[in-house]
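Working notes for the structure below.
There are 2 protein chains.
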Amino acid sequence: MTVSRVVSGEGYVSEITREKVLKVVKDLNYRRNGLARSLKRQFTETVGLVLGDISNPYSTELARSVRKTLVDEGFNLFICISENGSKEDIVAFESLSSHSVDGIIVATRSNEAGDRYLRNLVETNVPVVAIGRDFRHKNVDLVSPDNLKGGFEATRHLIDLGHRRIAFIGANLSSGSHLKRLQGYVNALESHSIPVDERLISGRSDELPDVAGYSTEDIGFEAMKRLLSLPNPPTAVFARNDFTAIGAMRAISDAGLRIPDDIAIVGFDDIPMAARISPSLTTVRQPMRVEGQIATEMLLERIKSGKRISRRERVLDCELIVRESSGSKRTN
Amino acid sequence: MTVSRVVSGEGYVSEITREKVLKVVKDLNYRRNGLARSLKRQFTETVGLVLGDISNPYSTELARSVRKTLVDEGFNLFICISENGSKEDIVAFESLSSHSVDGIIVATRSNEAGDRYLRNLVETNVPVVAIGRDFRHKNVDLVSPDNLKGGFEATRHLIDLGHRRIAFIGANLSSGSHLKRLQGYVNALESHSIPVDERLISGRSDELPDVAGYSTEDIGFEAMKRLLSLPNPPTAVFARNDFTAIGAMRAISDAGLRIPDDIAIVGFDDIPMAARISPSLTTVRQPMRVEGQIATEMLLERIKSGKRISRRERVLDCELIVRESSGSKRTN
DNA sequence: TGTTAAGATGTTAACGTTAACATACACTTC
DNA sequence: GAAGTGTATGTTAACGTTAACATCTTAACA
């Protein structure tokens, strides 16, 4: 017990004893067993972050911001990668919860089995906050960029430039109905009385696995190729994220077409590469660092209060960053 | 005990009992406490990965590869960010070791205090493997790209193109003496009888904090600006990594100079952006996925054997990827 | 029939901490 | 000098598992 007091620096210990203990601690290379400590204390001062796509700079900036906010409060961060697979999601949730993290921040793509497991966790009072994804539960907070408005503005930007045949890349109308960016695209078209043409909405082909990482670039590439083979291809494209946009740009260049002269393109996220590629990519910037900070603060509040707090939702404004890839006004 | 047997699926349990238990497990939303389990079993089947700079695509590819190798063996992965600070390093090591991970893979920048703590861990039989960094210990494996050869070849490439005044960006000769990429640069110059000019070796200025993330781009920017203000600026630059190179490219453009015509540039890592920027960046590609896999295999071997294994070192070949930024042969 | 083996379940103790309580002493205060 | 306060240390039990061992039943076999 005296050792415990010395090591944790709490309670009364005489200077002489403290020094004796510290000497032995050093001699034996003693390190306190955190498992036993956590088991007894019933908390770990550790938070888990589950990332669906760690290759996306969006995720890493998020992670850095989460970590920064956590350490200021004396919490540790463990990051798990799920690669946006439902099985992997569950493994990540499982390993975090079995290590008794005090709370979990989830930034994966929504999927049925994963969501079910997550719901289960929440039911047993594990504090959870979701970032940038769908998850409705009365005790789970959500922090998200305004994907609807972002998608709307990206599309409106293209409409304002004179485009009428505008494609969406990265999801299908059927499977992506929940995708707010797609919905924003549809809304923008409709509010300008442009009919939505389902052939211009191009998700991944069945050949490509729905994987995470830079491979989403391939989805954009494949989807764009299909669009280009249409009898009447689009003059502009809005991609669900920057990697998809960059893949699409590759397909456009490969086809011998010019950006933005032949086809204009807008992405989403504003990853660092967007500003550096040629032509530079017009995109919608989402405030990743703010998202991470707010989500962490919400989670810490849940953890510290120990009570069930009812759902809060924070939707953060995005910013349209106009660069070269969308071009200037058309005069068809 | 019977519940334990049902949940872990080991030992004899009758079908009837198993079903009864499973029903109650479900009704009570019971989840096994991993802390207690690990405390008793004395292992966690979890591995920690400490990343110095999670914003670098190099790190994330590494992490994905490590995770993939681990899950095949039934292990979990917890990632910690250290932001390449010695205090943060220690916090990461501490939180991983106190959670009793079975082993740690370290991919941070070397620093004295962090290394001391790490050495301490190793002395208490925590299996450790280092990736792409300096760390000599008789029980720690090292997996690394061949930075020496990579630096040599990058520099030789510039020499072969006719350059004589070649700068190095990203470290100082004094503080970076351990930096193999810098050493490779020096060796290449010397083997071509080009004197090493210390003014052409440009690290970060004291104004810039030595931080991780995309801010390393700023280090390249600042360092290049200083080089450009020299009475006799270099005609070529080898940067310690791609972000630094990209920052340098920005400084060159800002000064109204052309790449590669006025100044040629070579980076290191081959991050995805390198191929996409304009002009595309000549760089040295390191086999990140292979590094992650080998390191993980080495670590698992240590974990499974439970014995002290003496140090092994794997140095992996890099590949020079020639793109636009280094230009073609000079005819001065 | 007795012997052996396999199947099923239960009991005990231990993993390494710390909260809570107990004890002891020195020193102040009225 | 009795009571109270602060300091220092010790004891006990509990956190939730599971390895190891013990017990009991049933089936199989010579």
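Chains A and B, in that order, give the protein sequences.
Position in the first sequence (from 1) plus 35 gives the number in the numbering used here.
Position in the second sequence (from 1) plus 35 gives the number in the numbering used here.
Ideal Cβ positions, reconstructed from N, Cα and C, are used throughout, including at glycine.
Check your understanding: Does any C-beta atom of chain B lie closer than 8 Å to the C-beta of A:Ile125?
Key -> As a first step, residue 125 of chain A must be located in the first sequence, where it is residue number 90. It does not; no Cβ of chain B falls within 8 Å.
Practice item. Measure the Cβ-Cβ separation of A:Gly327 and A:Thr104 and say whether it is below 8 Å. Key: Here residue 327 of chain A refers to the residue found at position 292 when the first sequence is read from its first residue. Here residue 104 of chain A refers to the residue found at position 69 when the first sequence is read from its first residue. Yes, Cβ-Cβ distance for A:Gly327 and A:Thr104 is below 8 Å.
Check your understanding: Nearest to A:Asn97 by alpha carbon, out of A:Leu63, A:Asn68, A:Asp137, A:Gly167?
Key -> Translated into positions along the first sequence, residue 97 of chain A becomes position 62. First, the residue type needs correcting, since residue 97 of chain A is Leu and not Asn in the sequence shown. The option with the nearest alpha carbon to A:Leu97 is A:Gly167.
Point to revise | Contact under 8 Å by Cβ, B:Thr331 with B:Ile356 | key: Counted from its first residue, the second sequence places residue 331 of chain B at position 296. Counted from its first residue, the second sequence places residue 356 of chain B at position 321. For B:Thr331 and B:Ile356, no; Cβs fall outside 8 Å.
**Study point:** When A:Ala189, A:Ile116, A:Arg349, A:Ile281 are compared against B:Ser94, the one with the closest alpha-carbon
**Key:** Position 59 of the second sequence holds residue 94 of chain B. The option with the nearest alpha carbon to B:Ser94 is A:Ile116.
Check your understanding: To which residues does DSSP link A:Thr8 through a beta bridge?
Key -> There is simply no residue 8 of chain A to check, as chain A begins at 36 and stops at 367 in what is shown.
Review point. For the putative contact between A:Ile140 and A:Leu334, defined by C-beta atoms under 8 Å, what is the C-beta separation to the nearest angstrom?
Key: Position 105 of the first sequence, counted from the start, is the residue given in the question as residue 140 of chain A. Position 299 of the first sequence, counted from the start, is the residue given in the question as residue 334 of chain A. About 6 Å; that satisfies the 8 Å criterion.
Practice item. Identify each residue in the stretch 307 to 335 of chain A for which the Cβ-Cβ distance to at least one residue of chain B is less than 8 Å, and report them in chain order. Key: Pro307, Met308, Arg311, Ile312, Ser313
Practice item. Please check if any C-beta of chain B sits within less than 8 Å of the C-beta of A:Phe78. Key: Indexing the first sequence from 1 puts residue 78 of chain A at position 43. No, its Cβ sits nowhere closer than 8 Å to a Cβ of chain B.
Review point. Is the stretch 259 to 275 of chain B close to the stretch 289 to 300 of chain B, with three or more CB pairs under 8 Å?
Key: yes
Review point. Beta-carbon of A:Gly69 versus every beta-carbon of chain B: anything under 8 Å?
Key: Within the first sequence, the letter at position 34 stands for residue 69 of chain A. So, interface residue.
Check your understanding: Any residues in the stretch 105 to 132 of chain B with a beta carbon nearer than 9 Å to a beta carbon of chain A? Which ones, in chain order?
Key -> Val106, Asn111, Leu112, Phe113, Ile114, Cys115, Ile116, Glu118, Glu123, Val126, Ala127, Glu129, Ser130, Leu131, Ser132
Exercise for review: Measure the C-alpha to C-alpha separation of B:Arg261 and B:Pro268 and round it to an integer number of angstroms.
Suggested key: Here residue 261 of chain B is taken as the residue at index 226 of the second sequence, counted from 1. Here residue 268 of chain B is taken as the residue at index 233 of the second sequence, counted from 1. The straight-line gap from Cα to Cα measures roughly 9 Å.
Review point. Thinking C-alpha only, which one of A:Thr79, A:Gly255, A:Tyr65 is nearest A:Ser135?
Key: Along the first sequence, one-based indexing puts residue 135 of chain A at 100. Closest option to A:Ser135, Cα to Cα, is A:Thr79.
Exercise for review: Scan the stretch 269 to 323 of chain B and note each continuous alpha helix (DSSP H) run of 4 residues or more that stays entirely inside, going in chain order.
Suggested key: 277 to 289, 307 to 311
Exercise for review: Just the C-alpha distance for B:Lys184 and B:Val319, rounded to the nearest angstrom, thanks.
Suggested key: As a working note, residue 184 of chain B is residue 149 in the second sequence. As a working note, residue 319 of chain B is residue 284 in the second sequence. Looking at the two C-alpha atoms, the distance is approximately 10 Å.
Review point. Of the choices A:Lys173, A:Val42, A:Asn91, whose alpha-carbon is the least far from that of A:Asn64?
Key: One-based indexing of the first sequence puts residue 64 of chain A at position 29. Answer by Cα proximity: A:Val42.
Review point. So is B:Gln321 buried or exposed if we call it buried at 16+ other beta carbons inside 10 Å?
Key: Residue mapping note: residue 321 of chain B aligns to position 286 of the second sequence, counting from 1. Under this definition B:Gln321 is a buried residue.
Review point. Of the residues B:Arg144, B:Gly282, B:Ile125, which one's Cα is nearest the Cα of B:Lys368?
Key: Residue 368 of chain B lies beyond the range of chain B shown here (36 to 367); nothing can be said about it.
Practice item. Kindly list the residues whose CB is nearer than 6 Å to the CB of B:Pro412, restricted to its own chain and excluding five residues on each side of it in sequence; keep chain order. Key: Residue 412 of chain B lies beyond the residue range present for chain B, which begins at 36 and ends at 367; the question has no answer from this structure.
Review point. Thinking C-alpha only, which one of B:Met308, B:Pro307, B:Met259 is nearest B:Ser288?
Key: The sequence position of residue 288 of chain B within the second sequence is 253, counting from 1. When only C-alpha atoms are compared, the closest one is B:Met259.
**Study point:** Enclosing alpha helix (DSSP H) for A:Val41 [first to last residue]
**Key:** The count along the first sequence starts at 1 and reaches residue 41 of chain A at position 6. Taken as a continuous stretch (DSSP letters only), the alpha helix (DSSP H) holding A:Val41 covers 37 to 43.
Review point. Candidates A:Ile344, A:Lys75, A:Ala189, A:Ala71: which alpha carbon is nearest B:Lys75's?
Key: For the purposes of this step, residue 75 of chain B is identified with residue 40 of the second sequence, where counting begins at 1. Nearest C-alpha to B:Lys75: A:Ala71.
Practice item. Spell out whether any CB of chain A is found under 8 Å from the CB atom of B:Ala162. Key: The residue labelled residue 162 of chain B in the question sits at position 127 within the second sequence. The residue asked about is misnamed: residue 162 of chain B is Pro in this sequence, not Ala. For B:Pro162, the answer is no, since every Cβ of chain A falls outside 8 Å of its Cβ.
Check your understanding: Any beta-carbon of chain B closer than 8 Å to the one on A:Asn64?
Key -> On the first sequence, position 29 is the one that residue 64 of chain A refers to. Closer than 8 Å: yes.
Check your understanding: Is the Cβ-Cβ distance between A:Gly362 and A:Asp296 less than 8 Å?
Key -> Counted from its first residue, the first sequence places residue 362 of chain A at position 327. Counted from its first residue, the first sequence places residue 296 of chain A at position 261. A contact, by the Cβ cut-off of 8 Å.
Review point. Applying the criterion that 16 or more other CB atoms from any shown protein chain within 10 Å of the CB defines a buried residue, is B:Leu86 buried or exposed?
Key: As a first step, residue 86 of chain B is located in the second sequence; it is residue number 51 there, counting from the start. Under this definition B:Leu86 is a buried residue.
Review point. Enumerated in chain order, which unbroken segments of the beta strand (DSSP E) with a length of 3 residues or greater are wholly contained in the stretch 49 to 124 of chain B?
Key: 81 to 86, 111 to 116
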